[in-house]
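Numbering (my numbering), first residue to last: 4 to 423. Contents: one structure, followed by commentary.
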Amino acid sequence: MKKVLKFYENTKIRCIAMFLILFAFLIFNGFSNVQLAKAESIEYSSVLDDLSKDENFNQSKYIEKINDYSLQLIQIAESESKELFIYVYQPSGTIRPLKATSINISTAKCEELDFKNYKLELLSYSKTLFKYKVNNFQVSDKENRYYEISSIFRKWDGNIDDVLDKTTENSISEVSFAVGKAYHISGKDNQEIICEDVETIKITDKYVGFIRYLEGFFLYNDSCDAHYVAFSTDKQIDKLLEADIFYVSCSVEERENLTGKHPEYGKNQDNYKHLTSDDTVGNKPILGKPHTWKRIETVEDFIAEEKLTNEAKNNLSDMKWVLRFVETDYKSAPSVSGTKYNYYTKVSDVSILRLKFETDGEVFNLGVVDNKQTGSLTPDNPQISIFDKIINLVIKIVIGIVSLILIVELIKLIVYIFKR
C-alpha cells in the first residue's frame, strides 16, 4: 500500500512539473510573439524631424492663416523600404480638420507623361506641417528617378469651398490644388534631389454627364450609356490631341416601383482612360439606329450631333471641349408585379489628368489641375417611355398596313386601266 501511495505521489509531482513547464513555455512563446509583432510594426519619424534635416528649413515661414484652406507641397522623400513620402504646408493647420486625400504623380516625363492618382495616408503633423505616405506606391530601383506632381487633393467642404450650380446636378468629392513641380532624384544612400517648376493647365469650368441610347425590343432594353465630361481651361486650346482621365465605376442593380427607386451598389473600382483625337467609337444594336462619335470633340459639334435636353444645353454653354471617355451597358425590364428592374454602371469622381494640345502651332503636354466631380444619374438626352414606344410601334404598323392597301389598290387600278 505504501508503494502504491509513493508511486501515486511521484506521478502527481511529475504531472505538476510537466504542467508548469508547459505553462512556462506557452507564456514565453506568447511574449515572444508579442515582441515579434512589435518589432514588425513600422514607426515613422515625425514631420519636423524629417524637415529639420535640411539646413535651409525654417519652420517660422509656415505660419498659420485661418482662412487659407489650400494645400502646398514642400518636399518629397524616399525611405529605405521604397516608400514615398510627401510633406505639405496647410496654412489652416488644425483649426479645421482638413487632410490631403490624394495626389497626381507621373514617374515618366516629357512625351511619356503618365499621371496616376494615389491615395495619401497621414503619418505625422505639427501645427501647419503635415507628413503623408503615398499608398500603393513603390520606389523604383533605377539609379535616376523622376516624379512630376501636377496637383494634390483634399476632401470638398461645403462650408469653405465653392458650390456648383444646383441645375447641373453635379457634385465635387475632392478639391485639387496646383503643385507643378518635378523632382529628379539620383543615387541610393546619398541621394541628390533637384526640384524644378513645371507648367500645368487648370480646368475652370466642368460638367459631367452621359447620353443613353435606348435600343432593342420595346419590352426589354439592352442599351448603352455614353459617359462624357465637358470643360474649359485657363489656357487657349486650338486643337486638342490627347487626354488622360481618371474615374470611379461601380455596378448598380435598381428596383423601381411606386415607392421610388431602390439601388444596390457594387464595389467601387478605379479606372484610367487614354483618349486621342483619332479615336472613334459607336454602338451597333441588332434593332434600332446605330450611333458613332469621336472621343474628343468640341462642345459645338457635340450639341449639333446629339439630341440634348434644354437643361443639358444650358449646362454646356460655358464649355469648350468634350471628352467621351467610356461606354457602359444599360438594361431595363418590367416584371409582372409592376416593378421595373434597371441594371447600369455609376460613373463618379471624374478627373482629367493630362492634356496634350496645340496652340499657335506649338504643342503642349501638361498635367492638369482638376477636381473629382460626379454627374447625375439622369441622361442628358430625352428618353422615350415604353408607352411611347408601343404607341410609335402601333402607328408604324397602321401606317404600313394602310400603305400596303393603297399600293394594292393602286396596282389594281393600273391593271384595270390597261385591260380597257
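Cβ atoms here follow ideal geometry from the backbone N, Cα and C, with glycine treated the same way.
Check                                                                                                                                                              : Outcome
Just how far apart, CA to CA, sit residue 166 and residue 352?                                                                                                     : 16 Å
Determine the contact status of residue 152 and residue 182, defining contact as a CB-CB distance below 8 Å.                                                       : yes
Mind checking residue 227: buried by the 16 CB within 10 Å criterion, or exposed?                                                                                  : buried
Reducing DSSP to helix, strand and coil, say where residue 170 ends up.                                                                                            : helix
How about residue 374 and residue 175: are their beta carbons less than 8 Å apart?                                                                                 : yes
Helix or strand or just coil, what does DSSP make of residue 116?                                                                                                  : coil
Would you call residue 59 buried or exposed, if buried means 16 or more other Cβ atoms sit within 10 Å of its Cβ?                                                  : exposed
At what residues does the beta strand (DSSP E) containing residue 89 begin and finish?                                                                             : 87 to 92
What are the boundary residues of the alpha helix (DSSP H) that includes residue 306?                                                                              : 302 to 308
Using 8 Å for Cβ pairs, my map puts residue 211 next to residue 326. What's the rounded Cβ distance?                                                               : Incorrect: roughly 10 Å between the Cβ atoms, too far for contact.
When the Cα of residue 132 is compared with those of 303, 64 and 258, which residue comes out closest?                                                             : 64
What residues in its chain sit with their C-beta under 7 Å from that of residue 124, if we drop five residues either side in the sequence?                         : 135, 136 and 138
Give me the Cβ distance between residue 328 and residue 276, rounded to the nearest whole Å; I'm assuming they're in contact under 8 Å.                            : 5 Å
Within 10 angstroms of the Cβ of residue 93, are there 16 or more other Cβ atoms? Answer buried if so, exposed if not.                                             : buried
In terms of residue numbering, what span does the alpha helix (DSSP H) encompassing residue 380 cover?                                                             : Taken as a continuous stretch (DSSP letters only), residue 380 belongs to no alpha helix (DSSP H), as it is neither H nor E.
Cutting at 6 Å between CB atoms, please list the residues of its own chain near residue 247, excluding the five before and the five after it.                      : 277, 356 and 357
So does the stretch 100 to 111 actually touch the stretch 153 to 160, counting three or more Cβ pairs closer than 8 Å?                                             : yes
CA-CA distance, residue 57 and residue 79?                                                                                                                         : 12 Å
Got a sec? Which residues, its chain only, sit under 6 Å from residue 127 by beta carbon, not counting five neighbours each side?                                  : 49, 50 and 134
If contacts are defined as beta-carbon pairs under 8 Å, then residue 259 and residue 342 qualify, I think. What distance do you get, rounded to the angstrom?      : 7 Å
Measure the alpha-carbon distance for residue 87 versus residue 371 and round it to whole angstroms.                                                               : 22 Å
Anyone know if the C-beta pair for residue 354 and residue 120 falls short of 8 Å?                                                                                 : yes
Using a Cβ-Cβ cut-off of 6 Å (strictly less than) and excluding sequence neighbours within five positions of residue 199, which residues of its own chain qualify? : 185
Quickly, what does DSSP pair residue 336 with across the bridge? List them, please.                                                                                : 344
For residue 407 and residue 359, I'd like the C-alpha separation in whole angstroms.                                                                               : 57 Å
To which residues of the same chain is residue 85 closer than 6 Å at the C-beta, ignoring the five residues directly before and after it?                          : 141 and 142
Using only the alpha-carbon positions, how far apart do residue 269 and residue 382 sit?                                                                           : 21 Å
Comparing alpha-carbon positions, which option in 47, 82, 160 and 150 lies nearest residue 73?                                                                     : 160
Compare the C-alpha of residue 188 against each of 216, 242 and 148 and name the closest.                                                                          : 148
Strictly by DSSP, which residues pair up with residue 247?                                                                                                         : 277 and 357
Can you give me the start and stop residues for the alpha helix (DSSP H) that residue 316 sits inside?                                                             : 313 to 318
Considering Cα atoms alone, identify which of 402, 369 and 376 is closest to residue 115.                                                                          : 369
Please report how far the alpha carbon of residue 90 lies from the alpha carbon of residue 52, in whole angstroms.                                                 : 12 Å
Assign residue 48 to one of three DSSP states: helix, strand, or coil.                                                                                             : coil
Does the Cβ of residue 242 have 16 or more other Cβ atoms within 10 Å, making it buried, or fewer, making it exposed?                                              : exposed
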